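Written below as structure tokens is the structure these notes are about.
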Amino acid sequence: MTALPLLAIELAWWQATAIKVGAVLTVIPIGSLILVYVFLFKMMSHMQSRLGPMEAGPHGSLQVLAEAGKFLQKEDIFPARADRAVFAMAPVVVIVSTFILYAVIPAGPDLIVEDLDVGIFFALAVSSVSVIGILMAGWSSGSKYSLLGALRATGQLIAYELPLVLAVVGVVIQAGTLSLQGIVAAQAEGEIFGFGLIGNPFIFTQFVGFVIFLVAAQAELTQTPFDMPIAESELVAGYMTEYSGFRFLFFFIAEFGTAFALAGIASTLFLGGWYVPFLPDGLLANLAGPAVLGVKIMFVAFLIFWMRFTFPRFREDQLQALAWKFLIPLSLANIAVTAVLKVVM
Amino acid sequence: MSEFLRSYLTVVVFGAAGMALVAAMLGVGSLLRPKRPQPQKYINYESGVDPVGGAWAQTQIRYYVYALLFVMFDVEAVFIFPWAVRLEALGMFGLVEMMIFIAILALGLLYAWRKRVLKWA
């Protein structure tokens, strides 16, 4: 029996699962639509001294729905040279890997699809499955732009997978668990120089890890300054060039859905997650948790998109050099220092 | 069913629901969207001119050596995670062991660096 103390009723496993799956599958598109509107449409426009979409709804707030309607009416075009089966499957692989990422992100004491023992490891593993989908898309399109974009994306994603994974190890050493609920609890129980009332978010002790994680997440999301795989001025849209209609929209939702999820993971690992000081686990924490986590996600996403709208694009060799010659040695050093401090102190 | 297996069953159910959602969206789309086939629509995009040759040709993958390095470091990450979880219990012994392991890996990276593997060829 899985208890769902939120409503003080006992639900069977399948009932609880159905509710959770339904709720989370609603959160994902809404989360990515919020990111698209707030950051891509509005923040980007205002940072570049223009208004952005203004016609649909107040201040253009219904533009995302208009876009969805537009994509719904687009013809589904398969290029004559394409490998049809692989071409059709590629966006599905990418978006499902994004969906599954949400299974382990906690938004409250009970608000999690499944608190796996290997939570963060699972999330990192699942997030890298999207590389396969991208390679499928690029290869099956039968277009040169797509192939180049997919090869660039693959080289980039595997290079930045390592800093992303190694940056997390510091947190795991401190928390002593891989479960994301366990990591939240470890931060809630932490003390800052013996002052333990508000907990100790790992950003204070793992600041280097936080920065590495953010840079690597930026590259994993192929956001500028790491957007060579989809560079519009060189490759049109990289591996997405030949896609139209809903399949193109899937890549788009996956990009912003993954941004939302990685911001959520960064908030959980480094910023304390859903935990609210002085609030015992229960109904109140379940209500306040999502709001607190949401604010932190928007903050981390703001950092990611701020970088995106500010920096120019790297060169491909600069990108690989940054990962292999700087971030990976730095994250290894971070692991070593964290481990020594953990054992000695 | 054990608690362990059940927790992964939840994840499988979740993934299946995600796939069902994607399929449903595609189904709705296929009912609404137009279909007016014209041969020109199915030509690959190549900046407006007719494409020259196909894309399924030999391609130089400049960073295949990075991929080999990646495999090495990714396996290492799999070793580091269990150690990181149990570090408190392993104590000084585990620390020294892992420091030696990380030092050897760092030496490997340094070797690749000196061999100019990390250079754009």
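Those protein sequence lines, which keep their order, are chains A and B. Numbering-wise (our numbering), the first sequence opens with residue 1 and increments by one. Numbering-wise (our numbering), the second sequence opens with residue 1 and increments by one. For glycine and all other residues, C-beta sits at the position ideal for the given N, C-alpha and C. Nothing here was measured: the structure is a model prediction, and the numbers come from that model.
Counting every other CB atom within 10 Å of its CB across the protein chains shown gives A:A219 a total of 16 or more, marking it as buried.
Taking a contact as a CB-CB distance under 8 Å, the pair A:I105 and A:I95 does not count as one, their CB atoms being some 17 Å apart. Pairwise C-beta distances place the region 91-111 of chain B in contact with the region 330-338 of chain A, as three or more of them are shorter than 8 Å. Remark: C-beta atoms of A:V165 and A:L124 approach each other more closely than 7 Å. For A:S146, the chain B residues whose C-beta falls within less than 8 Å of its own C-beta are A55, listed in chain order. B:W113 has its alpha-carbon roughly 40 Å from the corresponding atom of A:S32. Rounded to whole angstroms, the separation of the alpha carbons of A:A107 and A:A66 is 30 Å. Scanning its chain for C-beta atoms nearer than 6 Å, with the 5 sequence neighbours on each side dropped, one finds around A:F314 the residues P225, in chain order.
In this structure, A:G149 lies away from A:G209, with their beta-carbon atoms at least 7 Å apart. Membership of B:L118 in any alpha helix (DSSP H) is not indicated, and neither H nor E is assigned to it by DSSP. A direct Cα-Cα distance of roughly 15 Å separates A:A159 from A:Q223.
Its Cα nearest to that of A:F122, the residue B:F81 stands out among B:Q40, B:Q60, B:F81. Close to chain B, meaning a Cβ-Cβ distance shorter than 7 Å, are the following residues of the region 170-185 of chain A: V172, I173, G176, T177, L178. The Cβ-Cβ distance between A:P79 and A:E189 does not fall below 7 Å. The DSSP-derived three-state label of A:L279 is coil.
For B:M25, the closest C-alpha among the options A:M47, A:D76, A:M44 is that of A:D76.
B:Q58 has its alpha-carbon roughly 33 Å from the corresponding atom of A:K74. In the DSSP assignment, no residue is bridged to A:L287. The C-alpha of B:P39 is placed about 44 Å away from the C-alpha of A:F302. For A:R84, the enclosing alpha helix (DSSP H) begins and ends at 84-101. Following the DSSP letters along the chain, one finds A:W139 inside the alpha helix (DSSP H) bounded by residues 130-140.
Runs of alpha helix (DSSP H) with 4 or more residues, each lying fully within the region 220-307 of chain A, are found at 232-235, 245-270, listed in chain order. Taking A:L249 as the centre and dropping the five residues before and after it, the same chain places the C-beta of F71 closer than 6 Å to its C-beta, in chain order. A:L221 places its beta carbon less than 7 Å from that of A:A259.
Taking each of A:E232, A:A186, A:F305 in turn and checking the Cα distance to A:Y37, the smallest one comes out for A:F305. Under the DSSP assignment, A:E316 falls in the alpha helix (DSSP H) whose first and last residues are 316-321. Residue contact with chain A for B:G18: present (Cβ-Cβ distance below 7 Å to some residue of chain A).
Annotated as proximal: A:P201 and A:G272, with beta-carbon spacing under 7 Å. In chain order, P51 place their CB closer than 7 Å to the CB of B:N44, counting only its own chain and leaving out the 5 sequence neighbours on each side.
Scanning A:L11, A:L101, A:T17 for the CA closest to the CA of B:L9 turns up A:T17.
Taking CB atoms only, B:R114 has no neighbour in chain A less than 7 Å away. Out of A:K42, A:M47, A:S49, the CA that lies nearest to the CA of A:E55 is found in A:K42.
In terms of beta-carbon proximity, B:V22 lines the interface with chain A, with at least one pair separated by less than 7 Å. For B:Y111, the number of other beta carbons within 10 angstroms of its own is below 16, and it is reported as exposed. Neighbours of A:K74 in chain B, taken as residues at a C-beta separation under 8 Å, are given in chain order as R33. Here A:E189 carries a helix assignment [DSSP, helix/strand/coil].
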